[in-house]
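K.L.:
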Amino acid sequence: MSLISCTDAGVNRKKLEIEVSAEDFAKACAEAFRKNAHKFAVPGFRKGKAPRGVIEKMYGKEFFYEDAVNDLYPTALQAAIEEGGLEYVDDKIDLDVTSVGEDGLKFTAVITVKPEVELDDYVGIKLTRPSTAVSDEDVDAELNKLLQKNGRIIDIEDRACQNGDTVVFDFEGFVDDVAFDGGKAEQYQLELGSGNFIPGFEDQIVGHSINDEFDVNVTFPEEYHAEELAGKPAVFKCKLHAIKATELPEADDEFIKDYTEFETLEEYKADARQKLEKAAEEKADRAVDDQLFETLTDKLNADIPDAMIENRIDQSIQDFGYRLQMQGISLEDYIKFTGSDMSSVRESMRDQATHQVKVRLALEKIVELEKIEITDEAVVAEYAKLAEQYHMEVDAVKNAIAAKDLRSDLAVDAAVKFVRDNAKIKKTK
3 MSLISCTDAG VNRKKLEIEV SAEDFAKACA EAFRKNAHKF AVPGFRKGKA
53 PRGVIEKMYG KEFFYEDAVN DLYPTALQAA IEEGGLEYVD DKIDLDVTSV
103 GEDGLKFTAV ITVKPEVELD DYVGIKLTRP STAVSDEDVD AELNKLLQKN
153 GRIIDIEDRA CQNGDTVVFD FEGFVDDVAF DGGKAEQYQL ELGSGNFIPG
203 FEDQIVGHSI NDEFDVNVTF PEEYHAEELA GKPAVFKCKL HAIKATELPE
253 ADDEFIKDYT EFETLEEYKA DARQKLEKAA EEKADRAVDD QLFETLTDKL
303 NADIPDAMIE NRIDQSIQDF GYRLQMQGIS LEDYIKFTGS DMSSVRESMR
353 DQATHQVKVR LALEKIVELE KIEITDEAVV AEYAKLAEQY HMEVDAVKNA
403 IAAKDLRSDL AVDAAVKFVR DNAKIKKTK
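Residue numbering for the sequence shown follows my numbering, beginning at 3 and increasing consecutively.
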């Protein structure tokens, strides 16, 4: 099997002329006979026992050619692609058999390949790193979350309601003095300040006391889900029944000892600060990388085949399906519940998929230009790391991820590090 020629056949398209030797083609024909022998019922022979020569005499020597070609071409094509140093990106391949017979097989294949990529000025790009400072207020906010989690709900009877309270009230909505469907509820619980109701609704409840009856005047948003109400003014007649608030425990060593792994309030705060600082560093790293990727895609010049985008969308849908399964939901049920369809789901992922493909192409170009190479030792170490991370045997990881793909991913990671290390990063205070 050999590649005779490789010529351009359009943008990101290559035409390969491939030859299979007479010997290899003869072996493929023999294998085609072996696989199909059991199907033939020939007079004078038990079914499946007729010699190949008899069958070819009855049907012609070409009888097994089609099966032989179908068996041969995938291997021959892959060998030719590797020989030509090509990377194809679309399983849709235009095949044409130009000659077939005892002299062997010749065929052409038109494939879609990765685009030519131009990328300049990626060394010394300017990036901004967000502040990673953690204030005392940030630490206090973490403490307050712990207090809120362990607080107790109490009834408020001696004051008006305020933001943060949960109120229990009845309401009925009217548009043009006519009640509308879905606009009425009794003993409804609402946390004031949560933003769960129409803008302006909760603000008009604040300041009222138990047993107050009052009107709330609002206008439905233009983009409201109920089209018949969108943009219209409405009046909600309300009656307030109860006000509830969370009574927080005292933030002291005793509380910390009872509800955390720490002995003192100061120990808890020190740990909270450390975790917040780590999270801030990770968030800043992601922000820098997001800017880095955006900058690279802006500098990228490539005519990207549609197939690459579609393949990336396919992968995104597969990943999304896995995440849904972890929640006990199938992708099909998700689409049904949301009233969507697969076409809409794919379209919603297109922009992100396009960005991801551009980023990958840019980074692969940097790997090429900077001659980044990954050692065998690094690949072995990564397999071990992944096995430990996912609690799998190393061989199982190797079966799931080809060494070639893992090496490529490591090279891309190294390209990110190269660009980041050579960037001009301004730190904000």
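Glycine included, C-beta positions come from ideal geometry on N, C-alpha and C. Predicted, not measured: the structure shown is a model, and the values here were computed from it.
Expressed to the nearest angstrom, what Euclidean distance is found between the alpha-carbon atoms of Pro-379 and Glu-193?
P.N.:
Start at 1 with the first residue of the sequence shown, and residue 379 comes out as number 377. Start at 1 with the first residue of the sequence shown, and residue 193 comes out as number 191. It should be pointed out that residue 379 corresponds to Glu in this sequence rather than to Pro. C-alpha separation (whole angstroms): 57 Å.
K.L.:
Opposite Ser-101 in the DSSP bridges: which residues?
P.N.:
Locating residue 101 in the sequence shown gives position 99, where the first residue counts as 1. Lys-108, per the DSSP bridge assignment.
K.L.:
Just grab the DSSP bridge partners of Val-169 for me.
P.N.:
Here residue 169 refers to the residue found at position 167 of the sequence shown. DSSP, once it has assigned bridges, lists Leu-192, Ile-245 as partnering Val-169.
K.L.:
How about Ala-236 and Val-177: are their beta carbons less than 8 Å apart?
P.N.:
To locate residue 236, count along the sequence shown from 1; it is residue 234. To locate residue 177, count along the sequence shown from 1; it is residue 175. Yes, they are a contact pair.
K.L.:
Would you call the segment 119 to 139 and the segment 34 to 47 touching, i.e. three or more CB-CB distances under 8 Å?
P.N.:
Too few Cβ pairs lie closer than 8 Å, so no.
K.L.:
Flag this pair as yes or no: are the beta carbons of Leu-5 and Glu-85 separated by less than 8 Å?
P.N.:
Here residue 5 refers to the residue found at position 3 when the sequence shown is read from its first residue. Here residue 85 refers to the residue found at position 83 when the sequence shown is read from its first residue. Result yes, Cβ atoms of Leu-5 and Glu-85 sit closer than 8 Å.
K.L.:
For a test of the three-state rule: what should DSSP assign to Phe-42, helix, strand or coil?
P.N.:
For the purposes of this step, residue 42 is taken as residue 40 along the sequence shown, with counting starting at 1. In the structure shown, Phe-42 sits in coil (DSSP, three-state: anything other than H, G, I, E or B).
K.L.:
Have a look at Tyr-75, Ala-81, Ile-427 and flag the residue whose alpha-carbon is nearest the alpha-carbon of Asp-287.
P.N.:
To locate residue 287, count along the sequence shown from 1; it is residue 285. It is Ile-427 whose Cα lies nearest to the Cα of Asp-287.
K.L.:
Return the Cβ separation of Arg-352 and Ile-319 in integer angstroms, given the expectation that the two are a contact with Cβ distance under 8 Å.
P.N.:
By 1-based counting over the sequence shown, the position of residue 352 is 350. By 1-based counting over the sequence shown, the position of residue 319 is 317. No, Arg-352 and Ile-319 are not in contact; Cβ-Cβ is about 11 Å, not under 8 Å.
K.L.:
For Ile-158 versus Lys-246, is the C-beta spacing smaller than 8 Å?
P.N.:
Stepping through the sequence shown from its first residue, residue 158 is reached at position 156. Stepping through the sequence shown from its first residue, residue 246 is reached at position 244. In contact: Ile-158 and Lys-246 (Cβ atoms closer than 8 Å).
K.L.:
Give the list of continuous beta strand (DSSP E) stretches no shorter than 3 residues that lie fully inside the segment 271 to 335.
P.N.:
DSSP runs (the beta strand (DSSP E)) wholly in the segment 271 to 335: none.
K.L.:
Give me the Cα-Cα distance between Pro-201 and Ser-346, rounded to the nearest whole angstrom.
P.N.:
On the sequence shown, position 199 is the one that residue 201 refers to. On the sequence shown, position 344 is the one that residue 346 refers to. Approximately 30 Å between the Cα atoms of the pair.
K.L.:
Can you tell me the Cα-Cα spacing of Glu-384 and Arg-422, whole angstroms?
P.N.:
By one-based count along the sequence shown, residue 384 stands at place 382. By one-based count along the sequence shown, residue 422 stands at place 420. Approximately 21 Å, taken between the alpha carbons.
K.L.:
So Asn-313 and Val-91 are in contact, right, with Cβ under 8 Å, and what is the actual spacing, rounded?
P.N.:
What you label residue 313 is simply residue 311 of the sequence shown in a count that begins at 1. What you label residue 91 is simply residue 89 of the sequence shown in a count that begins at 1. About 7 Å; that satisfies the 8 Å criterion.
K.L.:
Hey, out of Glu-268, Ser-350, Pro-223, His-357, whose CA is closest to Asp-292's CA?
P.N.:
Working through the sequence shown from its first residue, we reach residue 292 at position 290. Among Glu-268, Ser-350, Pro-223, His-357, the Cα nearest to that of Asp-292 belongs to His-357.
K.L.:
DSSP state of Cys-163, grouped into three classes?
P.N.:
Numbered from 1 along the sequence shown, position 161 holds the residue referred to as residue 163. The answer is coil: DSSP assigns Cys-163 none of H, G, I, E or B.
K.L.:
Apply the 10 Å Cβ neighbour rule to Val-22 and answer buried if 16 or more other Cβ atoms are within range, or exposed otherwise.
P.N.:
Translated into the one-based positions of the sequence shown, residue 22 becomes position 20. Buried is the call here.
K.L.:
Report the three-state DSSP secondary structure of Ala-228 (helix, strand or coil).
P.N.:
The residue you call residue 228 lines up with position 226 of the sequence shown. In this structure, Ala-228 counts as coil in the three-state DSSP scheme.
K.L.:
By DSSP, does Val-414 sit in helix, in strand, or in coil?
P.N.:
What you label residue 414 is simply residue 412 of the sequence shown in a count that begins at 1. Of the three classes helix, strand and coil, the one that applies to Val-414 here is helix, per DSSP.
K.L.:
Terminal residues of the continuous alpha helix (DSSP H) containing Leu-79?
P.N.:
Your numbering for residue 79 matches position 77 in the sequence shown. Counting along the chain, the alpha helix (DSSP H) containing Leu-79 begins and ends at 67 to 85.
K.L.:
Assuming Val-218 is part of the beta strand (DSSP E), what are its boundary residues?
P.N.:
Indexing the sequence shown from 1 puts residue 218 at position 216. Its beta strand (DSSP E) spans residues 215 to 221.
K.L.:
Is DSSP giving Leu-88 helix, strand or coil here?
P.N.:
For this step, residue 88 is matched to residue 86 along the sequence shown. The answer is coil: DSSP assigns Leu-88 none of H, G, I, E or B.
K.L.:
For a test of the three-state rule: what should DSSP assign to Ser-346, helix, strand or coil?
P.N.:
Taking the sequence shown and counting its residues from 1, one reaches residue 346 at position 344. Correct three-state label for Ser-346: helix.
K.L.:
Got a sec? Which residues, its chain only, sit under 6 Å from Lys-186 by beta carbon, not counting five neighbours each side?
P.N.:
As a working note, residue 186 is residue 184 in the sequence shown. The answer, listed in chain order, is Glu-174.
K.L.:
Please tell me whether Ile-306 and Val-359 are closer than 8 Å, where the distance is taken between their beta carbons.
P.N.:
Working through the sequence shown from its first residue, we reach residue 306 at position 304. Working through the sequence shown from its first residue, we reach residue 359 at position 357. In this structure, Val-359 lies closer than 8 Å to Ile-306 by Cβ.
K.L.:
What does Gly-175 pair with, by DSSP beta-bridge criteria?
P.N.:
The residue you call residue 175 lines up with position 173 of the sequence shown. Bridge partners of Gly-175: Phe-238.
K.L.:
Starting from Thr-356, trace the alpha helix (DSSP H) in both directions and tell me its first and last residue.
P.N.:
Residue 356 sits at position 354 when you count from the first residue of the sequence shown. From DSSP, the alpha helix (DSSP H) with Thr-356 extends over 352 to 371.
K.L.:
If contacts are defined as beta-carbon pairs under 8 Å, then Leu-365 and Ala-417 qualify, I think. What distance do you get, rounded to the angstrom?
P.N.:
The count along the sequence shown starts at 1 and reaches residue 365 at position 363. The count along the sequence shown starts at 1 and reaches residue 417 at position 415. At roughly 4 Å, the Cβ-Cβ gap stays under 8 Å, so Leu-365 and Ala-417 are in contact.
K.L.:
Looking at the secondary structure, which residues open and close the beta strand (DSSP E) in which Lys-157 lies?
P.N.:
As a working note, residue 157 is residue 155 in the sequence shown. Looking at the sequence provided, one finds Asp at residue 157 rather than Lys. Segment 154 to 158, the beta strand (DSSP E) holding Asp-157.
K.L.:
Check whether the Cβ atoms of Gln-189 and Val-170 sit closer than 8 Å, and answer yes or no.
P.N.:
Within the sequence shown, numbered from 1, the residue matching residue 189 stands at position 187. Within the sequence shown, numbered from 1, the residue matching residue 170 stands at position 168. In this structure, Val-170 lies closer than 8 Å to Gln-189 by Cβ.
K.L.:
Label Asn-198 either buried or exposed according to how many other C-beta atoms from any shown protein chain fall within 10 Å of its C-beta, with 16 as the threshold for buried.
P.N.:
For the purposes of this step, residue 198 is identified with residue 196 of the sequence shown, where counting begins at 1. Answer is exposed; the Cβ neighbour count stays below 16.
K.L.:
Using 8 Å as the threshold, is the segment 294 to 301 in touch with the segment 332 to 342, meaning 3 or more CB pairs across them?
P.N.:
At 8 Å Cβ cutoff, the stretches do not touch.
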